[in-house]
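Peer 1: Using my numbering, the first residue of the sequence shown is number 1, and each one after it goes up by one.
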Amino acid sequence: MKKTRIVCLLFCVLVCCFLTGCGNLLKNEQMDREVERLIAALNEDDADRIYQSLHPGIVTREEFDESYETIRKIWEKSYTHTKKLNAINTQKTLGNTGNSSICEAQYYVYTPDKFYTINISYLSDDNGEGMGGFYLKEGAEPMQISGSFTTASENSVLQWAILIYAVLSYLLIIITVVDILRKRPRLFGLWLMAALTFFSFLLRKVPDNTYVSMGVNWFIMPALKIYNNGSWILVLAFPAGAVVYWCLRRKLLDRKSEKLNDSKKVP
Numbered sequence: 001m002k003k004t005r006i007v008c009l010l011f012c013v014l015v016c017c018f019l020t021g022c023g024n025l026l027k028n029e030q031m032d033r034e035v036e037r038l039i040a041a042l043n044e045d046d047a048d049r050i051y052q053s054l055h056p057g058i059v060t061r062e063e064f065d066e067s068y069e070t071i072r073k074i075w076e077k078s079y080t081h082t083k084k085l086n087a088i089n090t091q092k093t094l095g096n097t098g099n100s101s102i103c104e105a106q107y108y109v110y111t112p113d114k115f116y117t118i119n120i121s122y123l124s125d126d127n128g129e130g131m132g133g134f135y136l137k138e139g140a141e142p143m144q145i146s147g148s149f150t151t152a153s154e155n156s157v158l159q160w161a162i163l164i165y166a167v168l169s170y171l172l173i174i175i176t177v178v179d180i181l182r183k184r185p186r187l188f189g190l191w192l193m194a195a196l197t198f199f200s201f202l203l204r205k206v207p208d209n210t211y212v213s214m215g216v217n218w219f220i221m222p223a224l225k226i227y228n229n230g231s232w233i234l235v236l237a238f239p240a241g242a243v244v245y246w247c248l249r250r251k252l253l254d255r256k257s258e259k260l261n262d263s264k265k266v267p
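#1: Excluding sequence positions up to five away, which residues of its chain have a Cβ less than 8 Å from the Cβ of Trp218?
#2: Between Ala47 and Gly147, is the Cβ-Cβ spacing less than 8 Å?
#3: Using beta carbons (cut-off 8 Å, strictly below), is Thr60 in contact with chain B?
#4: I'd like the span of the beta strand (DSSP E) that includes Ala237, first residue to last.
#5: Tell me the DSSP secondary structure of Ile175 in three-state form.
#6: So, for Ala87: in the same chain, excluding its five sequence neighbours on each side, which residues have a beta-carbon less than 6 Å away from its beta-carbon?
#7: For a test of the three-state rule: what should DSSP assign to Leu54, helix, strand or coil?
#8: Could you check whether Met221 and Val235 sit closer than 8 Å to each other, using their CB atoms as the reference points?
#9: Cβ atoms of Arg37 and Ser53: under 8 Å apart, would you say?
#10: Phe198 bridges to which residues according to DSSP?
#11: Taking the alpha helix (DSSP H) that Thr151 falls in, what are its first and last residues?
#12: Starting from the Cα of Asn43, find the closest Cα among Lys73, Glu63, Thr60 and give me that residue.
#13: Hey, would you say Leu123 sits closer than 8 Å to His55, going by beta carbons?
#14: According to DSSP, what are the bridge partners of Lys84?
#15: Counting along the chain, where does the alpha helix (DSSP H) carrying Thr70 start and finish?
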């Protein structure tokens, strides 16, 4: 029983993390400040300000001015933007010659007219600290504006209905897993895998095309997600494995009981 409770607890934690979208919680305040300072300087076309924010000696002024001309042609001034931290990595080095740390981050930046990807690094060592460099290019993955628990205020009634259905589906799966672990029908290991199985339907609309697919999945999240580039994704998923288990549950338990009775009769 104790083992069953531990398994159920871990399963519930996994489902809660999945439903709340923990991947969207990636954040680093220092790098957020650095990228905001960079965006402000780009809007003012202030090359001096950007150069002064670089780590001392990381690049000469001539080298910086040459590379900045390319950046100037890419960036279009906009005082309204939204950013999303997509990836971050921090490395620290300890040695006899000194200690250093470098943080590298990738941001998606969305303005009313353009999308950008900014890769930025921040270096700190015995010589000082500052930006180790940055790379700017046009284009970024579209940003989700509604359709999940993290965009609650923007969700429509239909989007909330699908999310509530998703929660109920996972509650059914949790109840099913607990029942399988308690009753242990024949081939209960396979039934545990089956209980996590969804039959899914996906409809994806992008500006230039529409995609439709169906399949069998584990841990899929039903939702209607809308993005800032006009595209949307509709995912509908039916907890087929759990439903099939409950339809066959009585028969499975009866067979288990019959097998136990037969084994007791054997001399």
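Ideal placement from N, C-alpha and C gives every residue a C-beta, glycine not left out. These numbers come from a predicted model, not from an experiment.
Peer 2: Here's the rundown:
#1: Leu196, Thr197, Phe198
#2: no
#3: The structure shown contains no chain B; it is built from a single protein chain.
#4: 232-238
#5: Secondary structure at Ile175: helix, using DSSP grouped into helix, strand and coil.
#6: Gln106
#7: strand
#8: yes
#9: yes
#10: Asn217
#11: Segment: none, Thr151 is in no alpha helix (DSSP H) and carries neither H nor E.
#12: Lys73
#13: yes
#14: Tyr108
#15: 61-74
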